[in-house]
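*Asks:* Quick note on numbering: the sequence shown equals residues 1096 to 1468 in the working numbering.
All C-beta atoms, glycine included, are put in the ideal place defined by N, C-alpha and C.
Handing you a structure now.
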Amino acid sequence: MNNLFIPQETPVLQEVLAAYDFPATLMGAVRYGQGHINDTFCVICQPQDGDAIRYILQGLSSAAFPHPEELMENMVGITSYLKKQIIAAGGDPLRETLSLVKTKDGKDYYTDSSNKVWRLTNFIENTDCYQKATPELFEASARSFGRFQFMLQGYPAETLHEPIARFHDTENRFEKFIAALNADKMDRAKDVQAEIDFVMARKNDCSVAMQALRDGKLPLRVTHNDTKLNNILIDRTTKEGICVIDLDTTMPGLSINDFGDSIRFGANHSAEDEKDLTKVNFDIELYEAYTRGFLQGAQGSLTPAELEYLPWGAKLMTLECGIRFLTDYLDGDHYFRIHYPEQNLDRCRTQFKLVSDMEKQFDAMHAVVAKYA
Ligand code: ADP
Ligand code: GN1
Ligand code: MG
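This is the structure in structure tokens:
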């Protein structure tokens, strides 16, 4: 193990890798992907003959996930259930959902000496993961996320843990923002008055989906809850979405939020942390492509009320995410990984620009849903 290439900032990787039996010579691990939450590495093994075998190794963020063992129980349950469905549909269970590799002592994850939980999955080869959308890719991702929900329709939702309590409870996100603002730990509130005003003016909006849930208008379903474009692996050959990844937040939730979080991230042409807000524009054509794909993937399983609230899902997920970035900024950037000091503020500003754009085009957004419903 001593000649392995492993990133210096994570010496614990030696310990974690030693917990697994690899089928060929272990060459090392490199940081991988652009997720904001987990520590993701690509692990490479080289057989004597043939191509390297790759794995994805992830250390779960303890800031995000206080009960990683419950999250892993969810993941085992969901991936096993999906594998049966994929086989029944004539698909490839090793490519169309994640496969966990067991540790030497037969466990689905490894807990290291500092109590951090790690998991190893097969690397799904011949796929790409995109940070920005073209209409075709976006529509393909929409079919996958719609189908994901459709396939989990019969999953016993009551057996799932809630890995993050009140994850998309926008009312509660507003309350947490107020708490961070009042604490103002980093003395940053004085520099973000415009963003604070933006949130305050939308306090009532934060209740729209939660109220519809309480009123029994919107049903609870098993949803993914983190439907960014980069949480889908796209088959390099067919350009279809082949595998929904990042299942950490799959739990009972609202279908409109899965729809909405994809729109938030993908229905524009800029990065989530773009500083030049003139480049950040909600694109109704990308929205239309996603709507078409999502409704096709969901195969008629959405109720009329869910269809009616889809535009609200888009606006609320964008507003909520902006509020979360701002809260983390006020709090000292403990939750979302940052690569430079003001990144969470930049992320917040792009979200609020997109919310403003959506507000101007809300009628058009409803019309698009009506066209495909
Ligand atoms: P995070 O929660 O930090 O976003 P993800 O589970 O989304 O972590 O993984 C981060 C990135 O790693 C993904 O965007 C994707 O590029 C890559 N990735 C994750 N799992 C796999 C896999 N099984 N095969 C290939 N790439 C993967
Ligand atoms: C996080 O894990 P990742 O990078 O796919 C976050 C999402 C946010 C997103 C913003 C568990 O997603 O809720 O919408 O960042 N995931 C968690 O980019 O909090
Ligand atoms: Mg991810």
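Cβ-heavy atom distance between C1301 and ligand 2 below 7 Å?
*Replies:* no
*Asks:* Whole angstroms is fine: what's the gap from L1247's alpha carbon to V1171's?
*Replies:* Going by the C-alpha atoms only, they are around 14 Å apart.
*Asks:* By how many angstroms is the C-alpha of E1290 removed from the C-alpha of N1439?
*Replies:* The straight-line gap from Cα to Cα measures roughly 12 Å.
*Asks:* Buried or exposed: which applies to R1297, given that a residue is buried once 16 or more other Cβ atoms fall within 10 Å of its Cβ?
*Replies:* Flag for R1297 reads buried.
*Asks:* State the DSSP-derived secondary structure class of F1243, mapped to helix, strand or coil.
*Replies:* helix
*Asks:* Quick check: what's the CA-CA separation for E1257 versus M1460?
*Replies:* 31 Å
*Asks:* I need the boundaries of the alpha helix (DSSP H) containing P1406, first residue and last residue.
*Replies:* 1399 to 1426
*Asks:* Return the CA-CA distance between G1241 and D1282, expressed in angstroms with no decimal places.
*Replies:* 42 Å
*Asks:* Just the C-alpha distance for L1108 and T1120, rounded to the nearest angstrom, thanks.
*Replies:* Each residue's alpha carbon lies about 16 Å from the other.
*Asks:* Tell me where the alpha helix (DSSP H) around F1136 begins and ends.
*Replies:* No alpha helix (DSSP H) holds F1136; the beta strand (DSSP E) holding it covers 1134 to 1141.
*Asks:* Could you tell me how far apart the beta carbons of D1207 and E1110 are, in whole angstroms, since I believe they sit closer than 8 Å?
*Replies:* 6 Å
*Asks:* I'd like the list of long-range same chain contacts for Y1127, defined as Cβ closer than 8 Å, with 5 residues on each side in sequence excluded.
*Replies:* T1135, F1136, C1137, I1151
*Asks:* With a threshold of 7 Å on Cβ separation, who are the neighbours of P1230 within its own chain once the five nearest residues in sequence on each side are excluded?
*Replies:* E1380, L1381, A1384
*Asks:* Is D1341 near ligand 3, going by C-beta to nearest heavy atom under 7 Å?
*Replies:* Annotation for D1341 indicates a beta carbon within 7 Å of some heavy atom of ligand 3.
*Asks:* I want to check one thing, is the minimum distance from the CB of K1323 to the heavy atoms of ligand 5 below 7 Å?
*Replies:* You won't find ligand 5 in this model; what it holds is ligand 1, ligand 2 and ligand 3.
*Asks:* For G1186, which of I1337, E1168, V1375 has the nearest alpha-carbon?
*Replies:* Ranking I1337, E1168, V1375 by Cα distance to G1186 puts I1337 first.
*Asks:* Using the three-state DSSP reduction, which class does N1277 fall into: helix, strand or coil?
*Replies:* helix
*Asks:* Taking only the alpha-carbon atoms, compute the straight-line gap between D1353 and T1344 and give it to the nearest angstrom.
*Replies:* 11 Å
*Asks:* Taking the straight line between their C-alpha atoms, what separation do you get for L1328 and A1307?
*Replies:* 33 Å
*Asks:* With Q1109 as the anchor, note down where its alpha helix (DSSP H) starts and where it stops.
*Replies:* 1107 to 1112
*Asks:* Given this structure, state the Cα-to-Cα distance separating R1387 from S1209, to the nearest angstrom.
*Replies:* R1387 and S1209: Cα-Cα distance of roughly 46 Å.
*Asks:* Ordered along the chain, which non-local residues of its own chain (more than five positions away) have a Cβ less than 7 Å from that of E1191?
*Replies:* In the same chain as E1191, and ignoring 5 residues on each side of it, the C-beta atoms closer than 7 Å to its own belong to I1181, I1337, C1338, in chain order.
*Asks:* Straight-line CA distance for I1259 to A1159?
*Replies:* Roughly 7 Å separates the two Cα atoms.
*Asks:* Does DSSP put G1201 in a helix, a strand or coil?
*Replies:* coil
*Asks:* What's the call for V1125, buried or exposed, on a 16-neighbour Cβ count within 10 Å?
*Replies:* The residue is exposed, with fewer than 16 neighbouring Cβ atoms inside 10 Å.
*Asks:* Extract the residue ranges of the beta strand (DSSP E) inside the stretch 1265 to 1339, only unbroken runs of 3 or more that lie entirely within it.
*Replies:* If only complete runs of 3 or more residues are kept, the stretch 1265 to 1339 shows the beta strand (DSSP E) at 1316 to 1318, 1327 to 1330, 1336 to 1339, in order along the chain.
*Asks:* Can you list, in chain order, the residues of its chain whose CB lies under 7 Å from that of I1139, leaving out five sequence neighbours each side?
*Replies:* Cβ neighbours of I1139 beyond the five flanking positions: M1122, G1123, A1147, R1149.
*Asks:* Looking at the unbroken alpha helix (DSSP H) that takes in Q1394, where does it start and where does it end?
*Replies:* Neither: Q1394 is in no alpha helix (DSSP H) and is coded neither H nor E.
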